[in-house]
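Residue numbers (the numbering used here), protein chains in the order written: chain A, 1 to 164; chain B, 1001 to 1164; chain C, 2001 to 2164; chain D, 3001 to 3164. Working notes for the structure below.
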């Protein structure tokens, strides 16, 4: 059994045709798992629906609380990409004994050409086999929480260049 | 670096609007990896484009040859679901020292609501972390080659019931 | 008020993921009109769900009966493209005093990249402004029932070449 | 032969995955006509790519100039919905002798569930059969330029209530 914590991010944004802006209504994660014919038992819990640029320390503490409180030891978190790495660092300090995989999307699932479905399949899979620790699953790869950064200009996750 | 061997299956079927039937034109795997913003290096090789019900022993031997011949030790194979388990068994006998993950789809990717993108994200991920052996990645799970069967009535992969 | 008679055709075909074949489950026309934000009152009536190659004289008589019996004088008919012209000819002989527009699709709406939504918008529009008579609305054009044929090799509707 | 003047609007907006905002890159009208298998000859001309709330009197004068200058007497204009009616009024004063049909979309075509394809089929059709004048084709209907307004709260076009 996996726990899937929804926190928002581009993943779940929708287009409001009256205002012409993007907003959150509800998560698409359940629908995406049905579309993927996922039969792994997943307990979905919407913790918040936030653009990750607006996520506060208190929000991250809430996410950590939910990770600790849930009975599952394998957790997927959907999260905005902009501060995914910051949240991963907070979780790594507080939750040493569970496998936590953060993922997100560059394009809203509702816009049809999203990377979200690919990333969700990837995160669900990594969460079943990686050891305890906090990981980011993006761009088909998995990254340890302390060996990843978002290249915002390119919109991709990379391993930071290290000094020799 | 992963090797991705394309063998056909529902994954890559398309609709021929002149005849009103399904056919193979070319694989969509490269487009799907771009859509998923996959940055894991993947060498894509189209071995055949077959409905897996029409796959022969000779075809399976060809697939095994390609698995053995390629330099990569981690391989994803896209395959029709109907005989995916048979091919997995052939590969398990012949390729003991590589991680091989077979995946497929119940709905063609070209039909928009496919499980294929989810499964591809899943297979690419499992292939990076599972040990040597032959695996089936379907329905969000991974199955050892000798502990899986397709429930054709339900259209899903399950672990067979074993006698005590 | 328009009447929309559903008779089947590629328009409404779906993919059966268990058998891997195309079949009819229900019409998508209501969903398509909602997607198009159509506010023209349309009374939708499913007369049959047939591949038009299997349509018989009795089926065409049934369609004609429904055209005559309904109170509306402006009618759209969704129909398989293969025998759309034959049905148009039957209707032209029997229903002289209503505006009847037949339309269809080359790709099932459910497959995402369909011409069906475009054609439905076109047919609904022509039906509101063309005079009494039987018309085919395909490929963005309108054709009089006796000045149209399907070019099956190209999958398009054309005006037949006439001898001088 | 129809002329199709592109002016922007929601129709052609896209999602910028780096900034998370909507922007214009290029028109999708040509792709949409191909998807609709439209065989009516259409000369596509991109006049501007603007959110219609930012359209100035000078922009409207430019659109009118293009309507007058082009050889075709039947014209479709894609336009943002917010000021479509204002542009229609300007054109009605300046172009008395051509059939001009304005259309738009509530959801970007690139977001997959757009009304744009339906509306384009509708506008292309009305443009072929309506008499000279300026018309708005939205919600499956056609409206004379002086008998239409956008209900911004509902996101639909209606005929204004007239005093008796």
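In this text, a Cβ means the ideal position worked out from N, Cα and C, and glycines have one as well.
Residue 1104(B) versus chain A: which residues are under 7 Å apart at the beta carbon?
-> By Cβ distance, chain A contributes nothing, its closest Cβ being about 11 Å from residue 1104(B), past 7 Å.
Measure from the C-beta of residue 115(A) to each C-beta in chain B and report whether the shortest distance is under 8 Å.
-> yes
With DSSP as the reference, please indicate the residues paired to residue 1095(B) in a beta bridge.
-> None, per the DSSP bridge assignment.
Going by other Cβ atoms of all chains shown within 10 Å of its Cβ, with 16 needed for buried, is residue 1084(B) buried or exposed?
-> So residue 1084(B) ends up on the buried side.
Give the range of the beta strand (DSSP E) segment to which residue 1125(B) is assigned.
-> Per DSSP, residue 1125(B) belongs to no beta strand (DSSP E); it is in the alpha helix (DSSP H), 1116-1129.
With which residues is residue 2003(C) paired in a DSSP beta bridge?
-> DSSP output for residue 2003(C) lists 2043(C), 2075(C) as bridge partner(s).
With 8 Å set as the bound, which would you pick, yes or no: does the beta-carbon of residue 2180(C) sit closer than that to a beta-carbon of chain B?
-> Look at the range of chain C in this structure, 2001 to 2164, and you will see that residue 2180(C) is not part of it.
Kindly indicate if chain A contains any beta-carbon less than 8 Å away from that of residue 3018(D).
-> yes
With a cut-off of 8 Å on the beta carbons, I'd call residue 3124(D) and residue 3002(D) a contact; round off their distance for me.
-> 7 Å
Look at the Cβ atom of residue 2005(C), then the Cβ atom of residue 2042(C), and state whether they are nearer than 8 Å.
-> Not closer than 8 Å, so no.
Could you give the C-beta distance for residue 3044(D) and residue 3029(D), rounded to a whole number, given that I count them as a contact under 8 Å?
-> Contact holds; Cβ gap of about 6 Å.
When Cβ atoms are compared, which residues of the region 2121-2148 of chain C fall closer than 9 Å to chain D?
-> 2121, 2122, 2123, 2124, 2125, 2126, 2128, 2129, 2130, 2137, 2138, 2139, 2140, 2141, 2142
Anything in chain D within Cβ reach of residue 27(A), meaning under 8 Å, just list it in chain order.
-> The premise fails here: residue 27(A) is roughly 18 Å from chain D at the closest Cβ pair, so nothing lies under 8 Å.
Check the Cβ-Cβ distances between residue 3005(D) and every residue of chain C, and say whether any is below 8 Å.
-> Judged by the 8 Å Cβ criterion, residue 3005(D) is not in contact with chain C.
Between residue 2093(C) and chain D, is there a C-beta pair that is closer than 8 Å?
-> no
Residue-level contact to chain D via CB, residue 2070(C), 8 Å cutoff = no
State the DSSP-derived secondary structure class of residue 1144(B), mapped to helix, strand or coil.
-> The DSSP-derived three-state label of residue 1144(B) is strand.
Range of the contiguous alpha helix (DSSP H) that encloses residue 1058(B) = 1057-1069
Mind checking the region 28-41 of chain A against chain B and listing, in chain order, the residues whose C-beta falls within less than 7 Å of any C-beta there?
-> 35, 36, 37, 38, 39, 40
Environment of residue 34(A) [buried if 16+ CB atoms lie within 10 Å] = Around the Cβ of residue 34(A), a 10 Å sphere holds fewer than 16 other Cβ atoms; the residue is exposed.
Assigned secondary structure, residue 1133(B) (DSSP; H/G/I helix, E/B strand, else coil) | strand
Using a Cβ cut-off of 9 Å, pull out every chain C residue sitting near residue 3156(D), in sequence order please.
-> 2037, 2039
With C-beta atoms as the reference, is residue 2127(C) less than 8 Å away from residue 2081(C)?
-> No, these two residues do not count as a Cβ contact at 8 Å.
With which residues is residue 1015(B) paired in a DSSP beta bridge?
-> 1022(B)
Contact check, residue 3148(D) vs residue 3156(D) under 8 Å by CB: the rounded distance?
-> Distance from residue 3148(D) to residue 3156(D) at the Cβ level is roughly 11 Å; contact not present, criterion being Cβ atoms closer than 8 Å.
So which residues of chain B does residue 2085(C) contact, with C-beta pairs closer than 9 Å?
-> None at all; the shortest Cβ gap to chain B is about 17 Å.
With a cut-off of 8 Å on the beta carbons, I'd call residue 8(A) and residue 1140(B) a contact; round off their distance for me.
-> The pair is not a contact, with the Cβ atoms about 22 Å apart (cut-off 8 Å).
In whole angstroms, what is the alpha-carbon distance linking residue 1056(B) and residue 1086(B)?
-> 11 Å
Listed by chain order, chain D residues near residue 10(A) by CB distance under 7 Å | 3020
Look up residue 2027(C) in the DSSP assignment and say whether it is helix, strand or coil.
-> In the three-state scheme derived from DSSP, where H, G and I count as helix and E and B as strand, residue 2027(C) is classed as coil.
Might you give, ordered along the chain, the residues of its own chain that have their beta carbon closer than 7 Å to the beta carbon of residue 3073(D), omitting 5 neighbours on each side?
-> 3098, 3099
Is residue 1069(B) closer than 8 Å to residue 1134(B) when the C-beta atoms are compared?
-> no
Using a Cβ cut-off of 8 Å (strictly closer), state whether residue 1109(B) contacts chain G.
-> Of the chains in the structure shown, none is chain G; the protein chains are A, B, C and D.
Other residues of its chain near residue 1060(B): CB distance less than 7 Å, five sequence neighbours each side excluded = 1087, 1090
Roughly how many angstroms separate the alpha carbons of residue 105(A) and residue 1066(B), rounded to a whole number?
-> 34 Å
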